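So the structure is just underneath, and the comments pick up after that.
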Amino acid sequence: MSDQEWEIRTGRAIYVLQQTLPEFFDKGLVASVDTAPSILNNHDSTMKDMRKESQDVEIIYSPRIRLSYTPPEPLPSPFPQTLHVDGLPLYMASSAFVRHTLKALYTDLYIELRKITVQSSSSRSSTARQEPGSPPNLPDSEEGKIHGREKSLSIRTIVSGSSRVSGARGEWDIESTYFFSPVSGLINLHAINSIHPAPHLSAYDAIRVALAKLGFGPSTPKPGGATPGAACQGPPKVTSSSVA
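Encoded structure:
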């Protein structure tokens, strides 16, 4: 992938997040963008465009995306210090669970984008460093192609809603960073930096149980049964042609 194509792909992903995150509770998580022209040139091209529809839809997340969050206070055993889920199916399932659960507990849910910051290689230190989730030990040819390709998107959001039981207004201040793969330009790491106020322990347990019902991970955490920091991991669905 050329540098120009990489910049276009990351730019599209940033645009999608900016435009769709405020509508998360209404429409869910938007994971793709339609790159086809919105207006057809003539009626004869209709069937051709319909056949190419799947090619015109571009995913913005890596098949191997990781969602990670380190609670401010360590969770009791057997929960790991850093919670994470791996793989696009599990990432989408997690977002759906959070959306449906909050909609069941709150009304008038709203997401406000308070601050958006894009960091790229031009705005970082000249000292190269590897972002979490980036493919390690790339061949020299690949390192040459992705040299200088560093981009991340930091977003601060305010999530608010009214309790269906008490009517009290709840509000959460959430800061997240999305990291882009230097190879594919897809989002390969979504790091939740902070949540204020922090979720209760019961929230983590509810997510784990819900994902287990969908076939992702065990229904009961087992000490020493997973890699350090792993909370849940979906079944491997990445083919040899997939990239980070």
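Those letters in the sequence shown? Residues 1 to 244, by UniProt numbering. Beta carbons: idealized from backbone N, C-alpha and C, even for Gly. Nothing here was measured: the structure is a model prediction, and the numbers come from that model.
Span of the alpha helix (DSSP H), counted from its first residue to its last, around residue 94:
Taking the sequence shown and counting its residues from 1, the one referred to as residue 94 is at position 94. 88-105 is the span of the alpha helix (DSSP H), which, as asked, contains residue 94.
Flag this pair as touching only if the segment 170-185 and the segment 71-88 have three or more C-beta atom pairs under 8 Å; answer yes or no. The segment 170-185, when compared against the segment 71-88, does not touch it at the 8 Å Cβ threshold.
Notebook entry, point to check: What is the DSSP secondary structure of residue 8, reduced to helix, strand or coil?
Noted result: Numbered from its first residue, the sequence shown carries residue 8 at position 8. Of the three classes helix, strand and coil, the one that applies to residue 8 here is helix, per DSSP.
Do residue 107 and residue 164 have their C-beta atoms within less than 9 Å of each other? The residue labelled residue 107 in the question sits at position 107 within the sequence shown. The residue labelled residue 164 in the question sits at position 164 within the sequence shown. Against a cut-off of 9 Å, the Cβ pair of residue 164 and residue 107 comes out as a contact.
Spatial neighbours of residue 96 within its chain, please: C-beta separation below 7 Å, excluding the five flanking residues on both sides. In the sequence shown, the residue the question calls residue 96 occupies position 96. In its chain, beyond the 5 residues on either side, 28 have a beta carbon closer than 7 Å to the beta carbon of residue 96.
Q. Beta strand (DSSP E) containing residue 179: first to last residue?
A. For the purposes of this step, residue 179 is identified with residue 179 of the sequence shown, where counting begins at 1. Boundaries of the beta strand (DSSP E) harbouring residue 179: 169-180, taken from the DSSP string.
Would residue 3 and residue 99 qualify as a contact pair, given that the criterion is a beta-carbon distance under 9 Å? Taking the sequence shown and counting its residues from 1, one reaches residue 3 at position 3. Taking the sequence shown and counting its residues from 1, one reaches residue 99 at position 99. Contact flag unset, no.
message = Less than 6 Å between C-beta atoms, sequence neighbours within five positions excluded: which residues of the same chain meet that for residue 156?
response = Residue mapping note: residue 156 aligns to position 156 of the sequence shown, counting from 1. Residues 114, 115 and 175 of the same chain have their beta carbon placed closer than 6 Å to that of residue 156, with the five preceding and five following residues left out of the count.
Taking all protein chains shown into account, decide if residue 63 is buried (16 or more other Cβ within 10 angstroms of its Cβ) or exposed. Here residue 63 refers to the residue found at position 63 of the sequence shown. The residue in question, residue 63, is buried, as its Cβ has 16 or more Cβ neighbours within 10 Å.
| query | For residue 112, does the three-state DSSP call read helix, strand or coil? | reply | Translated into positions along the sequence shown, residue 112 becomes position 112. Residue 112: strand per DSSP, three-state reduction.
key: Length of the line joining the Cα atoms of residue 309 and residue 1   = The chain is shown from 1 up to 244; residue 309 falls before or after that span and cannot be answered.
Below 7 Å CB to CB, which residues in the same chain sit around residue 67 once its five sequence neighbours on both sides are set aside? Translated into the one-based positions of the sequence shown, residue 67 becomes position 67. Result list for residue 67: 84, 85, 91, 94 and 190, in chain order.
Quiz item: In three-state DSSP terms, what is residue 18?
Solution: In the sequence shown, residue 18 corresponds to position 18, counting from 1. The DSSP-derived three-state label of residue 18 is helix.
request  = Measure the Cβ-Cβ separation of residue 172 and residue 196 and say whether it is below 9 Å.
outcome  = Your numbering for residue 172 matches position 172 in the sequence shown. Your numbering for residue 196 matches position 196 in the sequence shown. Yes, they are a contact pair.
*Looking at C-alpha atoms only, which residue of 87, 26 and 56 is the closest neighbour of residue 245?*
Here the chain covers residues 1 to 244 and nothing more, so residue 245 does not appear.
**Item:** Reduced DSSP category for residue 207 - H, G, I as helix; E, B as strand; rest coil
**Value:** As a working mapping, residue 207 is identified with position 207 in the sequence shown. In the structure shown, residue 207 sits in a helix (DSSP, three-state: H, G or I).
Checklist entry - If you draw a straight line from the alpha carbon of residue 60 to that of residue 6, how long is it in whole angstroms? => result Taking the sequence shown and counting its residues from 1, the one referred to as residue 60 is at position 60. Taking the sequence shown and counting its residues from 1, the one referred to as residue 6 is at position 6. Between residue 60 and residue 6, the C-alpha separation is close to 12 Å.
Open item on the list: Looking only at its chain, what residues have a beta carbon closer than 6 Å to the beta carbon of residue 24, apart from the 5 residues adjacent to it on each side?
Closed with: On the sequence shown, position 24 is the one that residue 24 refers to. Around residue 24: 111.
* residue 187 to residue 152 span [Cα, whole Å] -> Sequence index remark: in the sequence shown, residue 187 carries index 187 (1-based). Sequence index remark: in the sequence shown, residue 152 carries index 152 (1-based). Each residue's CA atom was taken as its position, placing residue 187 and residue 152 some 9 Å apart.
Per DSSP, what kind of secondary structure is residue 150 in: helix, strand or coil?
-> Looking up residue 150 in the sequence shown gives position 150. Residue state, collapsed to three classes: coil.
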